[in-house]
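> Residue numbers (our numbering): 4 to 397. From the three backbone atoms N, C-alpha and C, an ideal C-beta is built for every residue, glycine too.
1. With a threshold of 8 angstroms, are at least 3 pairs of Cβ atoms found where one atom belongs to the segment 154-170 and the other to the segment 179-192?
2. So does the segment 28-46 actually touch the segment 62-77, counting three or more Cβ pairs closer than 8 angstroms?
3. Where does residue 313 sit, in a helix, a strand or coil, going by DSSP?
4. Taking 8 angstroms as the threshold, find out whether the segment 188-204 comes into contact with the segment 218-230 through three or more Cβ pairs.
5. May I ask whether a heavy atom of the ligand ZN can be found less than 7 angstroms away from the beta carbon of residue 133?
6. Throw me the rounded Cβ distance for the residue 433 and residue 313 pair, which I believe falls under 8 angstroms.
7. With residue 324 as the anchor, note down where its beta strand (DSSP E) starts and where it stops.
8. Please name the residue, chosen from 308, 88, 138, 255, that lies closest to residue 284 on a Cα-to-Cα basis.
9. Below 7 angstroms CB to CB, which residues in the same chain sit around residue 269 once its five sequence neighbours on both sides are set aside?
10. Within 10 angstroms of its Cβ, does residue 277 collect 16 or more other Cβ (buried), or is it exposed?
11. List the residues that DSSP assigns as beta-bridge partners of residue 333.
12. Going by CA-CA distance only, name the one from 363, 346, 289 that's closest to residue 335.
13. Residue 180 by DSSP, collapsed to three states: which one?
14. For the segment 203-252, list the beta strand (DSSP E) runs that are entirely contained and at least 3 residues long, ordered along the chain.
15. Does the Cβ of residue 263 have 16 or more other Cβ atoms within 10 Å, making it buried, or fewer, making it exposed?
16. List the DSSP bridge partners of residue 305.
17. Quick check: what's the CA-CA separation for residue 339 versus residue 349?
18. Taking just the CA atoms, how far does residue 99 sit from residue 28?
19. Quick check on the burial criterion: 16 or more other C-beta atoms within 10 angstroms. Buried or exposed for residue 256?
20. Report all residues from its chain with a CB closer than 6 angstroms to the CB of residue 230; omit the five preceding and five following residues, and keep chain order.
21. Short of 7 angstroms in beta carbon distance, which residues of its chain neighbour residue 375, apart from the five on each side in sequence? Order them along the chain.
22. Looking at residue 114 and residue 148, is the spacing between their C-beta atoms short of 8 angstroms?
23. Alpha carbon to alpha carbon, how far is residue 195 from residue 87?
24. Output yes or no for whether 8 angstroms exceeds the beta carbon distance between residue 366 and residue 391.
25. Using a Cβ-Cβ cutoff of less than 7 angstroms, which residues in the same chain neighbour residue 275 once the five nearest sequence positions on both sides are dropped?
26. Buried or exposed: residue 103, going by 16 or more other Cβ atoms within 10 Å of its Cβ?
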């Protein structure tokens with residue numbers, strides 16, 4: 004144990020505490036040798052004697068305590084290092100600590116210690132060193148530094164976060180930069196997300212190292228922006244590729260990503276996926292024909308069948324079976340028979356098994372319950388489908 008004797012401790016404390024109101028020597032890098040010496044002193048000192056030890060430390064030794072907290076090596080040493088910093092509220096150590104916090108963010112214990120210096124010791128955070136954001140004092144008033152920075156960004160005119168980070172000199176600190184982007188993408192509002200360039204959001208999502216990061220970002224993107232046209236299709240494609248298509252039927256077993264997405268958002272994403280599948284299966288006039296009913300939300304679900312050579316479109320009280328070759332007719336079934344075909348589609352191996360005119364839905368504009376792709380078929384059968392939609396949704 005290190006035991007330090009002071010005969011005039013009160014005057015020593017008063018003299019050392021006074022150093023927080025003036026600028027001391029600039030603190031450079033803390034080398035390994037200094038770190039080792041400070042660690043040994045902290046190890047040898049009990050918590051009871053940490054105050055006396057603190058007042059024997061030079062400025063660079065107090066700064067070394069900041070580095071010990073950042074390295075997160077030993078909880079007991081970290082607690083002692085925090086105590087030293089609190090007892091020696093030096094201005095240069097504060098700025099050194101802020102820079103280290105930005106670099107290593109998040110380091111909660113260091114952030115709490117610095118906040119304590121700002122709040123309890125009433126540090127005057129001016130003049131601010133060039134490499135530190137000028138409004139750092141307002142950031143410390145928020146529950147955490149990142150939230151303070153994001154609130155600061157929200158109140159200013161920069162269109163995107165990158166411009167803000169460049170202005171306040173945060174872009175040079177990887178830890179703080181990542182934390183700000185993480186906060187924006189995982190918790191940002193619609194207004195803040197729409198201020199970003201889409202290519203920047205895509206770049207961050209593509210560069211996500213952790214699957215959990217991408218999941219939080221993609222989920223918040225969908226929830227905050229709510230629906231097309233605010234959703235960007237490139238981001239939707241990335242989400243679909245990584246997390247699949249959501250299940251919207253009642254009591255469906257869902258994966259962890261979609262489980263946390265509200266049903267209305269899942270339904271809108273699912274609807275977008277339906278449009279994607281229609282575009283993938285059909286070309287030209289048939290794609291245009293079915294997309295008009297997709298856009299009006301009359302198509303509730305679709306399914307590819309027969310190894311991609313057939314396609315099923317579910318409406319409210321009826322459904323349609325189409326085939327890849329435009330020479331084939333489409334078959335329209337009432338929901339009772341269509342649902343049977345839907346449920347058993349994976350067990351059927353030929354187009355013939357989906358063609359049963361004895362069960363098709365008959366209508367004045369339909370030829371034996373079929374759509375024939377010839378002549379002015381789009382107008383004739385468009386009337387038929389619209390008539391069926393109106394009749395079955397009353």
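Taking the structure as given:
1. yes
2. yes
3. Taking the first residue of the chain shown as 1, we reach residue 313 at position 310. Residue 313 falls in the strand class under three-state DSSP.
4. yes
5. With respect to the ligand ZN, the structure shown offers nothing to examine, as it has no ligands at all.
6. Lying outside 4 to 397, the shown extent of the chain, residue 433 is not represented and no answer is given.
7. For the purposes of this step, residue 324 is identified with residue 321 of the chain shown, where counting begins at 1. First-last of the beta strand (DSSP E) with residue 324: 321-326.
8. Residue 284 sits at position 281 when you count from the first residue of the chain shown. Minimum Cα distance to residue 284 is reached at 308.
9. Counting from one through the chain shown, the residue named residue 269 turns up at place 266. Taken in chain order, the residues that qualify are 249, 251, 261.
10. Position 274 of the chain shown holds residue 277. Classification for residue 277: buried.
11. Along the chain shown, one-based indexing puts residue 333 at 330. According to DSSP, which records beta bridges pairwise, residue 333 is partnered with 374.
12. Translated into positions along the chain shown, residue 335 becomes position 332. Taking only the C-alpha atoms, the option nearest residue 335 is 363.
13. Residue mapping note: residue 180 aligns to position 177 of the chain shown, counting from 1. Helix.
14. Counting only runs of 3 or more, we get nothing.
15. Stepping through the chain shown from its first residue, residue 263 is reached at position 260. Exposed, by the Cβ-count rule.
16. In the chain shown, counting from the first residue as 1, residue 305 sits at position 302. Residue 305 is bridged to 316.
17. Taking the first residue of the chain shown as 1, we reach residue 339 at position 336. Taking the first residue of the chain shown as 1, we reach residue 349 at position 346. Roughly 18 angstroms separates the two Cα atoms.
18. To locate residue 28, count along the chain shown from 1; it is residue 25. To locate residue 99, count along the chain shown from 1; it is residue 96. For residue 28, the pLDDT reaches just 41, beneath the cut-off of 50, and the residue's location in the model is therefore unreliable, although a value from the coordinates is still provided. Rounded to the nearest angstrom, the two C-alpha atoms are 11 angstroms apart.
19. By 1-based counting over the chain shown, the position of residue 256 is 253. Its Cβ having fewer than 16 others within 10 Å, residue 256 is exposed.
20. Within the chain shown, residue 230 is the residue found at index 227, counting from 1. Hits under 6 angstroms: 271.
21. Here residue 375 refers to the residue found at position 372 when the chain shown is read from its first residue. So the qualifying residues of the chain are 332.
22. Counting from one through the chain shown, the residue named residue 148 turns up at place 145. Counting from one through the chain shown, the residue named residue 114 turns up at place 111. Yes, these two residues count as a Cβ contact at 8 angstroms.
23. Numbered from its first residue, the chain shown carries residue 195 at position 192. Numbered from its first residue, the chain shown carries residue 87 at position 84. Cα-Cα distance, rounded: 40 angstroms.
24. The residue labelled residue 366 in the question sits at position 363 within the chain shown. The residue labelled residue 391 in the question sits at position 388 within the chain shown. Going by C-beta atoms, residue 366 is nearer than 8 angstroms to residue 391.
25. On the chain shown, residue 275 is found 272 positions in, with the first residue counted as 1. Counting only Cβ-Cβ distances below 7 angstroms, and skipping sequence neighbours, we find 231, 239.
26. Taking the first residue of the chain shown as 1, we reach residue 103 at position 100. It counts as buried.
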